[in-house]
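In order, the protein sequences belong to chains A and B. The first sequence begins at 1 in our numbering and counts up by one. The second sequence begins at 1001 in our numbering and counts up by one.
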Amino acid sequence: MSTFDNPFDPDRKLQAGCACGQHRSAAEHEQAAALRCEPTVSEEKRYEGVVASAVMRAMFPQDLARRAFLKSVGASTALAALSQFFPLKTATEVFAQAGAPEKKDLKVGFIPITCATPIIMAAPMGFYSKHGLNVEVVKTAGWAVIRDKTINKEYDAAHMLAPMPIAISLGLGANAIPFTVPAIENINGQGIVLASKHKDKRDPKDWKGLKFAIPFDYSMHNYLLRYYLAEHGIDPDTDLQLRSVPPPEMVANLRADNIDGFLAPDNICQRAIYDGVGFMHLLSKEIWDGHPCCSFAASREFITTAPNSFAALTRAIVDATAYASKAENRKQIAEAIAPANYINAPVTVLEQVLTGTYADGLGGVKTDAKRVDFDPFPWQSFAVWMLTQMKRWGQIKGDVDYKAVAEQVYLATDTKKLMTEMGLSPPASAYKSFAVMGKTFDPAKPEDYLASFKIRKSS
Amino acid sequence: MTNTLRLRAGLVSIVLLAAFLGVWHLATRSTGTTTTMSPEYAKLMGLTATQGKSAMPGPLDVGAKLWEHLKRPFYDNGPNDKGLGIQLAYSIARVGTGYLLAVLVAIPLGFLIGMSPLLSKALDPFIQVLKPISPLAWMPLALYTIKDSSISAIFVIFICSIWPMLLNTVFGVASVRKEWINVARTLEVGTVRRAFTVILPAAAPTILTGMRISIGIAWLVIVAAEMLVGGTGIGYFVWNEWNNLSITNVIIAILLIGVVGMLLDQILARFTRLVTFPE
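What follows is the structure, encoded as structure tokens:
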């Protein structure tokens, strides 16, 4: 079931065919829904529902008696009667607050890209303060700096690329420090942009010898671009050049003809188009629809020293993510995160990214509402996939205990508990199978998956 | 005579500036010609793409933006967006702290090395190796070991501004005329008193020259350091605007960095003139 679905919605699944109208059949809709969250009722309503049902259960511990009572008076009357002598509103507020945070003033680092949308918007739109926190979101110069500042405890938590907490926990490119991912920031939301002069080179087979930029080595950007190239028979290590370049420099380098293309966050892609220097070759969602991109990360030490602050922070992020996942809120969000204090980019650019109606750089206007999407659930199978790619490209050598690492870093169990408390319906399992460029990934057999690739780094 | 020279020099300066601004303006004029595009598409595109506006801002754009910044230099819109005055103040405070620490270490140490040929020979290889290291090379190491970004920035200022001061102090102290020291010796002046009354005044011009070089280096370094650690300061402002690809704001920052650097240099130059003596 989708995460933000209301299980008490009587209309659910009653219609024939697809409920949202976006899919051809109900089965297809179910499959798509399993991959991401669909927004429903407001948080207050959700909390109220959770509290009310808990009270109901406490008053009528026996299922049969409760059902009989509900049937005889009707659910709404029962609720009204209940609130007569039980302060439901207050209970809901107390419930939503949960344990008092040990530390209220928190610092959360972010990189100014649209992937950080939930982390950023939670500040101006009041999601942190709603959960009793006073969070300062601090713009940071680069991924390495955000890693060091989080390890140094200057930041209590931070926006990281989804594979980064895994890399840090394994000690790749840093001291091995146990890091965790309680929530995924965004899914999809990247693209491959080529310089305008390559308009006719739409087949990746013609890309030998070109220069491409990626933002960081331990990133979905790196793994997706390498995957895409390898699927087209291009060895990313020998047939072309991949460079680590900070996103704003990608646009400048593209203009200066110094690189031929890049795989970057959507707002950088859109900026290159907005400035007339490149065009969108494809959205990363066309490589893997629903892939994770950035994560919300904290050290394990922070969780143990301030569990309530951590829980409140995660709740705020999940709340903000739920809000961001609704298409009708996206314009408002674009305006909230565009100022210099946050992403510092033209509103038009952010709006095109978040609403999914965008100029493609070739003279056409395209629409894809799921160009970037938000779903917080940290699927452990995502982590397993990233580990297979780390191994595929020689970032980790030797044997890997995929499951153990995934379960240590991606906190699906804790997040599931938090989401249930919030009245959301998280998926039952933390593992799911998905397809990347048509090839199905079975999280139970990572080694077989890895062995099936022809192009990989020989080690 | 000197007055007319100054007048003429000023006139040439103005002509040069006007010529530079004129060329800049002409070079960055928008071409006005672009490929035709549907209005729906054009709405989603920037001025560079729709009106052929140059990616490089002209002097008028920079002037207008500069005026906007100067009108309200101390606004504070949250942790990541502060006025230019506040940013400059942060940078100057960092440079001041790092630089003062360097003065406190470099001048006594330089004295010691300059007065002792043994120490001078022994420490020379270390100084020679540490001196040419680029400020940015220190940054990751500092961040990693000090574990605090603003102290790291101050440390980088410190480590980079210490060497010119140290070397100049050593040189100044070591090359005080032998006759003066010998005269002091015959008058049975103690070592400490000799250092303060004979060597310090004699070496002061050289020491201050070292300090003047150092403040220049410190100001050069702060921009790079702040670009890397972020948070506050003029270097952070440059990075933040670069992130937004706003070349106009980057040019404004460059202009202001130049002006502040010149002011700092002028202050030290004035001090140098105060202690200079005719032989």
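Where is the CB? At the ideal position from N, CA and C, for every residue including glycine.
For the C-beta of Asp257(A), not a single chain B residue is nearer than 8 Å; the gap to the nearest is close to 13 Å. Between the region 261-276 of chain A and the region 128-135 of chain A, the count of Cβ pairs shorter than 8 Å is below three; the stretches do not touch. For Asp1061(B), the enclosing alpha helix (DSSP H) starts and ends at Pro1059 to Lys1071.
Residue-level contact by beta carbon fails for Ala1137(B) and chain A, as no gap is shorter than 7 Å. Cβ contact annotation for Leu1066(B) (same chain, cutoff 8 Å, sequence separation greater than five): Ile1252 and Leu1255, in chain order.
Contact check for Thr415(A) against Pro182(A) passes: the beta carbons are separated by less than 7 Å.
According to DSSP, Asp373(A) shares a beta bridge with Ile187(A). It is roughly 29 Å from the alpha-carbon of Pro112(A) to the alpha-carbon of Leu1060(B).
In the three-state reduction of the DSSP assignment, Val137(A) falls in the strand class, which pools E and B. Asn152(A) has a beta carbon lying within less than 7 Å of a beta carbon in chain B.
Within the region 1148-1169 of chain B, contact with chain A at the beta-carbon level (separation under 8 Å) is assigned to Asp1148 and Ser1149.
Our two residues, Ala404(A) and Leu350(A), have alpha carbons roughly 38 Å apart in a direct line.
Runs of the beta strand (DSSP E) lying entirely within the region 262-287 of chain A, each at least 3 residues long, are 278-283 in chain order.
By the C-beta density criterion, Gln1266(B) is exposed, having fewer than 16 other C-beta atoms within 10 angstroms. One thing to note: Asn222(A) has its Cβ no nearer than 7 Å to the Cβ of Cys294(A).
For the region 312-399 of chain A, the full-length beta strand (DSSP E) segments reaching 3 residues or more read 357-359 and 365-367 along the chain. Of the candidates Ile1207(B), Ala1202(B), Val1173(B) and Val1103(B), the residue whose Cα lies closest to the Cα of Ile1157(B) is Val1103(B). Per DSSP, Arg202(A) lies in no alpha helix (DSSP H) segment and is marked neither H nor E.
By the neighbour-count definition (other C-beta atoms within 10 Å, threshold 16), Asp399(A) is an exposed residue. Between Phe1271(B) and Leu1208(B), the C-beta spacing is below 7 Å. For the region 1017-1044 of chain B, residues whose beta-carbon sits nearer than 7 Å to a beta-carbon of chain A comprise Met1037, Glu1040, Tyr1041 and Leu1044. Neighbours of Tyr1144(B) in chain A, taken as residues whose beta carbon is under 7 Å from its own, are Asp148 in chain order. Counting only Cβ-Cβ distances below 9 Å, Trp1067(B) has no contacts in chain A at all, with the closest Cβ about 17 Å away. Interface flag for Asn341(A) against chain B is set, since a Cβ pair is found closer than 7 Å. Selection Lys445(A), Glu421(A), Gly438(A) and Lys417(A) evaluated against Ala52(A) yields Glu421(A) as nearest (Cα-Cα). Taking Ile337(A) as the centre and dropping the five residues before and after it, the same chain places the C-beta of Thr117, Ile120, Met121, Ile343 and Leu350 closer than 7 Å to its C-beta, in chain order. The residues Val193, Phe279, Met280, Tyr358, Ala359, Asp360 and Gly361, in chain order, have a CB closer than 8 Å to that of Ile273(A) in the same chain once the five nearest residues on each side in sequence are set aside.
For secondary structure counted as the alpha helix (DSSP H) over 4 or more consecutive residues, the region 1100-1174 of chain B holds these complete runs in sequence order: 1117-1130, 1135-1146 and 1149-1174. According to the DSSP assignment, Gly1235(B) belongs to the alpha helix (DSSP H) that extends over Ile1234 to Asn1243.
With a cutoff of 7 Å on beta-carbon distance, Arg300(A) and Thr180(A) are scored as near each other.
Between the alpha carbons of Phe374(A) and Ile1217(B) lies a gap of roughly 46 Å. Within the region 267-284 of chain A, contact with chain B at the beta-carbon level (separation under 9 Å) is assigned to Gln270, Arg271, Ile273, Tyr274, Asp275, Gly276 and Val277. In this structure, Gln380(A) and Ala340(A) do not form a Cβ contact; the two beta carbons are roughly 38 Å apart against a cut-off of 8 Å. Per the Cβ contact rule, the region 239-248 of chain A is in contact with the region 205-225 of chain A (3 or more Cβ pairs under 8 Å). Burial of Tyr228(A) is indicated by the presence of at least 16 other C-beta atoms within 10 angstroms of its C-beta. Close CB contacts of Pro1201(B) within its chain, under the 8 Å cut and outside five residues either way in sequence, are with Val1275 and Phe1277 (chain order).
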